[in-house]
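Okay, structure first, notes after.
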Amino acid sequence: MTLLGTSGAVRSRVVALVTVLFALTAAWNALLNTLLARTGLAATMQVVYDPTLPLTTLGAAGGIAAATLALIVTLAALARTFAPDTDALGDSETVAETVLVYARAVAVAVGGTLAAVVGLGLLVVPGLFVLVHLPLVFVAVTADGEPLGQAIARTWTRARGSRARVAAVGLAVVAIPLALAVIATLTTLLPPAVELALGVAVTTVAAAAGLAAFVAIADSLDGADAGSTRTDRVASTTSRQL
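Start counting the sequence shown at 3; every next residue gets the next number (the working numbering).
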């Protein structure tokens, strides 16, 4: 999907969601700075993380959990907006079906991230495989409305031959903000507030662009399968059971 070929309403929705994504990312970073400061980890690492918020350790931890959930929901809405045959608000779905889609998105994001961390910590390679397939599974459950098991199975099959492309996009999404964060940590060229705003802006743009790329990749893989039995765009009457 390209924004140039979409309606004004879709472009406005993308801009609104990216703005929300920016605000949530900024809040998440400020909450993380606060948690590091309150737990003493910042002092242990001899790094000053600013700005912080006037919260306790428990308040900062709870805030991070809430902000993480909101970020996942926003990314899911953005993926549905980028997809050519679906809608962030579920115009062709019942309320229960739309809620189920977002619940699956949260399950994929949280469960996939934990699986990747465990895989990387134990054997590395399994974690890398999870990271490569995770974006496409996320797109499958949000934009395509697939159940979790079906999304995982079909993503494994569809990604065959395209894993390098998916990995390259994922690496770019992670590497650009990470490089900026490392530079910011090692230098004091900018005031903390400006540094935070710049980092959040880069992270937001990278995440939104990467998500659009993953949706486009998933759609191209679906198109390649269209000659067989294509079921990637689930109709409103299709079963959506877990």
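Just so you know, even glycine gets a beta-carbon here, dropped at the ideal spot from N, CA and C.
Identify whether residue i lies in helix, strand or coil by the three-state DSSP scheme.
{"i": "Thr157", "result": "helix"}
{"i": "Ser1", "result": "Not covered by the structure: residue 1. The range shown for the chain is 3 to 244."}
{"i": "Ala237", "result": "Residue placement at Ala237 is flagged as unreliable, the pLDDT there being 41, under the threshold of 50; a coordinate-derived value is accordingly withheld."}
{"i": "Gly42", "result": "coil"}
{"i": "Pro53", "result": "coil"}
{"i": "Val12", "result": "helix"}
{"i": "Gly193", "result": "Just to set this straight, residue 193 is Pro in the shown sequence, not Gly. Of the three classes helix, strand and coil, the one that applies to Pro193 here is coil, per DSSP."}
{"i": "Thr58", "result": "coil"}
How would you write the range of the alpha helix (DSSP H) that residue i sits in, first residue to last?
{"i": "Ala85", "result": "Segment: none, Ala85 is in no alpha helix (DSSP H) and carries neither H nor E."}
{"i": "Ala111", "result": "97-124"}
{"i": "Ala145", "result": "Element bounds for Ala145: n/a, residue is neither H nor E."}
Applying the criterion that 16 or more other CB atoms from any shown protein chain within 10 Å of the CB defines a buried residue, is residue i buried or exposed?
{"i": "Pro86", "result": "exposed"}
{"i": "Gly151", "result": "exposed"}
{"i": "Arg15", "result": "buried"}
{"i": "Leu125", "result": "exposed"}
{"i": "Pro180", "result": "Going by the sequence as given, residue 180 is Leu instead of Pro. So Leu180 ends up on the exposed side."}
{"i": "Leu19", "result": "buried"}
{"i": "Gly163", "result": "exposed"}
{"i": "Ala45", "result": "exposed"}
{"i": "Thr157", "result": "buried"}
{"i": "Gly64", "result": "exposed"}
{"i": "Ala153", "result": "buried"}
{"i": "Val97", "result": "exposed"}
{"i": "Val101", "result": "exposed"}
{"i": "Gly10", "result": "exposed"}
{"i": "Gly42", "result": "exposed"}
{"i": "Ala177", "result": "exposed"}
For chain C, is any of its Cβ atoms less than 8 Å away from the one on residue i?
{"i": "Thr27", "result": "Annotation note: the requested chain C is absent from the structure, which comprises a single protein chain."}
Just checking my contact of residue i with residue j at CB under 8 Å: how many whole Å lie between their CB atoms?
{"i": "Thr206", "j": "Leu23", "result": "5 Å"}
{"i": "Val134", "j": "Arg165", "result": "5 Å"}
{"i": "Ala32", "j": "Pro56", "result": "Incorrect: roughly 11 Å between the Cβ atoms, too far for contact."}
{"i": "Thr247", "j": "Arg40", "result": "Summary: the structure shown does not reach residue 247, with the chain confined to residues 3 through 244, and so no result is reported for it."}
{"i": "Val110", "j": "Val143", "result": "5 Å"}
{"i": "Ala145", "j": "Val217", "result": "6 Å"}
{"i": "Val175", "j": "Ala208", "result": "5 Å"}
{"i": "Ala62", "j": "Leu37", "result": "4 Å"}
{"i": "Gly114", "j": "Val127", "result": "Gly114 to Val127, Cβ: 16 Å. No contact."}
Note to self: I want to know whether the region 98-113 touches the region 163-172 - three or more CB-CB distances under 8 Å.
What the structure shows: no
Query raised in the report: Are the region 197-209 and the region 23-40 in contact at 8 Å, needing three or more beta carbon pairs?
Result: yes
Should the region 115-124 be regarded as contacting the region 139-156, the criterion being three or more beta carbon pairs within less than 8 Å? no
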